[in-house]
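Chains P and D, in that order, give the protein sequences. Start counting the first sequence at 2; every next residue gets the next number (the numbering used here). Start counting the second sequence at 4; every next residue gets the next number (the numbering used here). By construction, the Cβ of each residue, glycine as well, lies at the ideal position given by its N, Cα and C atoms. Source: prediction; values computed, not measured. One structure below.
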Amino acid sequence: MNTTPAVRLTGVTKHFGSKGLGQVRAVDGIDLTIAPGEVVAFLGPNGAGKTTTVDMLLGLSRPTGGDVEVFGGDPRRAVSLGRIAAVMQTGGLLKDFTVRETVEFTASLFRPARPVDEVLERAGIVDIGDRLVGKASGGQQQRLRFALALLSDPDLLVLDEPTTGMDVQGRRDFWSAIRDDARRGRTTLFATHYLEEADAYADRIVLMRQGRIVADGTAAEIKAMAAGRSVRATWPDPDTAALTALPGVDAIDVRGDSVLIHTGDSDAVARYLLTHTPARDLEVTGRNLEDAFVALTGDDDVSEPTDEHEGALA
Amino acid sequence: MSTMIDSTTRTVPPFGGFSGRILGLELRRLLRNKRAVIFTLVMPSVFFLLFGTDGDYKTESAGHGNVTAWIMVSMAVYGAMIATTSGGAMVATERALGWSRQLRLTPLHPVAYVAIKTLVAMTMGLVAIVVVFIVGSLWGAELPMWRLLLCGLVGWATSLVFAALGLFMGYLLPSDNVMQILGPSLAILSFAGGLFIPLDQMGDVFATIAKFTPAYGVGVLSRAPLGDDQSVLLGVVNVLAWAAVFIAGAAWRMSRDTQRV
Numbered sequence: 002m003n004t005t006p007a008v009r010l011t012g013v014t015k016h017f018g019s020k021g022l023g024q025v026r027a028v029d030g031i032d033l034t035i036a037p038g039e040v041v042a043f044l045g046p047n048g049a050g051k052t053t054t055v056d057m058l059l060g061l062s063r064p065t066g067g068d069v070e071v072f073g074g075d076p077r078r079a080v081s082l083g084r085i086a087a088v089m090q091t092g093g094l095l096k097d098f099t100v101r102e103t104v105e106f107t108a109s110l111f112r113p114a115r116p117v118d119e120v121l122e123r124a125g126i127v128d129i130g131d132r133l134v135g136k137a138s139g140g141q142q143q144r145l146r147f148a149l150a151l152l153s154d155p156d157l158l159v160l161d162e163p164t165t166g167m168d169v170q171g172r173r174d175f176w177s178a179i180r181d182d183a184r185r186g187r188t189t190l191f192a193t194h195y196l197e198e199a200d201a202y203a204d205r206i207v208l209m210r211q212g213r214i215v216a217d218g219t220a221a222e223i224k225a226m227a228a229g230r231s232v233r234a235t236w237p238d239p240d241t242a243a244l245t246a247l248p249g250v251d252a253i254d255v256r257g258d259s260v261l262i263h264t265g266d267s268d269a270v271a272r273y274l275l276t277h278t279p280a281r282d283l284e285v286t287g288r289n290l291e292d293a294f295v296a297l298t299g300d301d302d303v304s305e306p307t308d309e310h311e312g313a314l315a
Numbered sequence: 004m005s006t007m008i009d010s011t012t013r014t015v016p017p018f019g020g021f022s023g024r025i026l027g028l029e030l031r032r033l034l035r036n037k038r039a040v041i042f043t044l045v046m047p048s049v050f051f052l053l054f055g056t057d058g059d060y061k062t063e064s065a066g067h068g069n070v071t072a073w074i075m076v077s078m079a080v081y082g083a084m085i086a087t088t089s090g091g092a093m094v095a096t097e098r099a100l101g102w103s104r105q106l107r108l109t110p111l112h113p114v115a116y117v118a119i120k121t122l123v124a125m126t127m128g129l130v131a132i133v134v135v136f137i138v139g140s141l142w143g144a145e146l147p148m149w150r151l152l153l154c155g156l157v158g159w160a161t162s163l164v165f166a167a168l169g170l171f172m173g174y175l176l177p178s179d180n181v182m183q184i185l186g187p188s189l190a191i192l193s194f195a196g197g198l199f200i201p202l203d204q205m206g207d208v209f210a211t212i213a214k215f216t217p218a219y220g221v222g223v224l225s226r227a228p229l230g231d232d233q234s235v236l237l238g239v240v241n242v243l244a245w246a247a248v249f250i251a252g253a254a255w256r257m258s259r260d261t262q263r264v
């Protein structure tokens, strides 16, 4: 397998407006490397800088500072070669083309391109090929954007809120297609508001807030990082002093014969309990991703920089 | 499902993505737009039939043809103007729709894109001229064939000026109703430039002003093969000056625009 990273961002910043007052740091120094084949979810509140980052990744805007590399080169080159493709959330379609004509138009630009019928089939819109785009539903238009992104059979697929407007079945079909391609080695980066989608489909979650990456890891790691986990064990008269001394332990709750330990390092606690104490019936439970998301991104006392491009791409 | 495309076989399309396939799809799309078809292909002929087929006009001579031919050429130029202006304005409209953003995710070069739009506009302009000429020939316009062809060719070539106007105005005006503003404006420019009524039927002041408006030069040059007595040199200066203004304006707006795609 090729060892060149699919994406490498080094010290990337993007500022809008002139220096001094009123300057907005939409992206404020991020480093991110994505290996080929990874499926990465990009999470963060509106204005966190996700869209600005995606824009730079696609070569739609240039960073103020730092380096953006896609497959070891310039993002625009990767776009021209069809190595990177994207599904944007809104706009971007002409109402008086038919669905098929839109795909044919785009297909004529890529060398090589997948057959038109194949991508229509894969996006689930082969039956509405002759419909005018303006007469297609929001979900169908979203599938059309997905079809367009599949044309070049990209090595890296970037998706901004990809399942917006799709019904449950559409969403399920979509993710099964994405997983199939990921198994064949396609790198996928998606921004989403559906935390359960990130939880279910991403190998890795990158959490952004105020232009910075605040967390980066598997869904399980992110959950643990924010809220920690709870370890429950049956242990009458626990040695609370010893437990408090363990690394990462935040709080201890003794409830009858049970002890409930909130910790950032549940592995250490579990290992200690099982090897050094008579505790038994261990249960380790994580908080859900939403709790983690709120905990890591929720600090609302600080005013958030607005992401000027959020509306344009989002 | 086949395996992934080997990235070493990937390449970019020739001519920045420009191709006959894309041109064909664009034309098909344009012909589907009923309003565009009515305004560019039907209205100029209707105007010709209304204003140009008076019995006296067919017997009265204008240069090497009759007055009906004079009006036919003017109306053909008017049709070409509408076609090329609306074609140019499509660039900005499609930008506002986010389509050009979608195209930025493909290898299509921005210059190739503008070239396609211009060619589509010019093709529509040519069709507009041909339609009026056919209607005109059937309803009594008389002039030698080679002069007719030359009139059409000059009218078509000079209407390129208005493609630049469309580009410029498309960026300047609110995108959802560019043609609502440009349509009536073009009619006024056509009146002012002597396409609908000859300059010698205007008052002195208006006739002088007319020579400085953009439709004047295009009209004069297109009718020059008729042997029209108006000044060809003045027409050339007029066309070049307005072309410079519109192209500079379009370039200015577009260069500011590409900074934020």
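Cβ-based burial, residue i [other Cβ within 10 Å; buried from 16]
i: T298(P); result: buried
i: A246(P); result: exposed
i: I132(D); result: buried
i: N241(D); result: buried
i: L189(D); result: buried
i: K120(D); result: buried
i: Y102(D); result: The sequence as given places Trp at residue 102(D); Tyr does not occur at that position. Label assigned to W102(D): buried.
i: P147(D); result: exposed
i: I41(D); result: exposed
i: I179(P); result: buried
i: H310(P); result: Bear in mind that a pLDDT of 38 at H310(P), under 50, signals an unreliable position, so the model cannot answer this.
i: K96(P); result: exposed
i: N69(D); result: buried
i: S304(P); result: Confidence at S304(P) is low in this model, with a pLDDT of 39, below 50, so its placement is unreliable and the value that follows should be read with caution. It counts as exposed.
i: K136(P); result: exposed
i: S5(D); result: Its pLDDT being 44, under 50, S5(D) is placed unreliably in this model, and the coordinates cannot settle the point.
i: E97(D); result: buried
i: L243(D); result: exposed
i: L152(D); result: exposed
i: K51(P); result: buried
i: L108(D); result: buried
Host alpha helix (DSSP H) of residue i (start-end)
i: M89(P); result: Neither: M89(P) is in no alpha helix (DSSP H) and is coded neither H nor E.
i: M78(D); result: 70–99
i: D59(D); result: 58–62
i: V169(P); result: 169–184
i: F54(D); result: 46–55
i: R35(D); result: 23–35
i: T189(P); result: Not the alpha helix (DSSP H): T189(P) falls in the beta strand (DSSP E), residues 188–192.
i: G173(D); result: 163–175
i: R78(P); result: 76–81
i: V270(P); result: 267–277
i: F194(D); result: 181–195
i: G220(D); result: 217–226
Run of the beta strand (DSSP E) containing residue i, from where it starts to where it stops
i: I35(P); result: 25–35
i: E284(P); result: 281–287
i: K15(P); result: 8–17
i: S259(P); result: 259–264
i: F43(P); result: 40–44
Residue i Cβ short of 7 Å to the ligand PLP heavy atom set
i: S177(P); result: This structure simply doesn't include the ligand PLP, nor any ligand for that matter.
Assumed close pair residue i, residue j - CB separation to whole angstroms, cut-off 8 Å
i: Q143(P); j: M167(P); result: 6 Å
i: L229(D); j: A65(D); result: 6 Å
i: T264(P); j: R230(P); result: 6 Å
i: G222(D); j: L198(D); result: 5 Å
i: T219(P); j: Y195(P); result: Going by Cβ atoms, the distance from T219(P) to Y195(P) rounds to 18 Å, so no, they are not a contact pair.
i: R1(P); j: V15(D); result: One cannot answer for residue 1(P) here, as it falls past the ends of chain P, which runs 2 to 315.
i: A251(D); j: A218(D); result: No, A251(D) and A218(D) are not in contact; Cβ-Cβ is about 19 Å, not under 8 Å.
i: F19(D); j: V117(D); result: Rather than Phe, the amino acid found at residue 19(D) in this sequence is Gly. Wrong, their Cβ atoms sit about 10 Å apart, outside the cutoff.
i: T11(P); j: D75(P); result: Between D75(P) and T11(P) the Cβ distance is about 14 Å, and since that is not below 8 Å, they are no contact.
Item to check | Residues, ordered as in the chain, of the segment 153–179 of chain P that lie near chain D by beta-carbon distance below 8 Å | outcome: Of all residues in the segment 153–179 of chain P, S153, D154, D156 have a Cβ within less than 8 Å of some Cβ in chain D.
Checklist entry - Between the segment 53–76 of chain P and chain D, which residues of the former have CB atoms less than 9 Å from a CB of the latter, in chain order? => result Residues of the segment 53–76 of chain P whose Cβ lies closer than 9 Å to any Cβ of chain D, in chain order: D56, L59, G60, L61, S62, F72.
Item to check | Residues of the segment 21–49 of chain D whose Cβ lies closer than 7 Å to any Cβ of chain P, in chain order | outcome: Those residues of the segment 21–49 of chain D that come within reach of chain P (Cβ to Cβ, closer than 7 Å) are S22, R24, I25, L28, R32, R35, N36.
Next on the checklist: For the segment 73–105 of chain D, list every residue whose C-beta sits within 8 Å of some C-beta in chain P, in sequence order.
Outcome noted: Listed in sequence order: E97, L100, G101, W102, R104, Q105.
Item to check | Under 8 Å (Cβ pairs) to chain P, residues found in the segment 109–135 of chain D | outcome: If the cut-off is 8 Å between Cβ atoms, the segment 109–135 of chain D has T109, P110, L111 near chain P.
Next on the checklist: Suppose only complete runs of 3+ residues qualify. What are the beta strand (DSSP E) ranges in the segment 101–166 of chain P, listed by chain order?
Outcome noted: DSSP runs (the beta strand (DSSP E)) wholly in the segment 101–166 of chain P: 157–161.
Item to check | alpha helix (DSSP H) runs wholly inside the segment 202–248 of chain P, at least 4 long, in chain order | outcome: Runs of the alpha helix (DSSP H) spanning 4 or more residues and lying entirely within the segment 202–248 of chain P occur at 220–228, 241–245, in chain order.
Checklist entry - Listed from N- to C-terminal order along the chain, which residues in the segment 246–276 of chain P have their beta-carbon within a distance smaller than 8 Å of any beta-carbon of chain D? => result If the cut-off is 8 Å between Cβ atoms, the segment 246–276 of chain P has nothing near chain D.
Checklist entry - Looking at chain P, which residues of the segment 246–261 of chain D have a Cβ within less than 7 Å of any of its Cβ atoms? => result Residues of the segment 246–261 of chain D with a Cβ closer than 7 Å to any Cβ of chain P: none.
Checklist entry - Which runs of the beta strand (DSSP E) spanning at least 3 residues fall entirely within the segment 106–161 of chain D, listed in chain order? => result If we require 3 residues or more, the segment 106–161 of chain D turns out to have no beta strand (DSSP E) run fully inside it.
Item to check | Where the segment 212–229 of chain D meets chain P: residues whose CB sits under 9 Å from a CB there | outcome: Those would be none; no residue qualifies.
Item to check | Residues from the segment 51–66 of chain D in contact with chain P, defined by Cβ distance under 7 Å | outcome: Result list empty, no residue passes.
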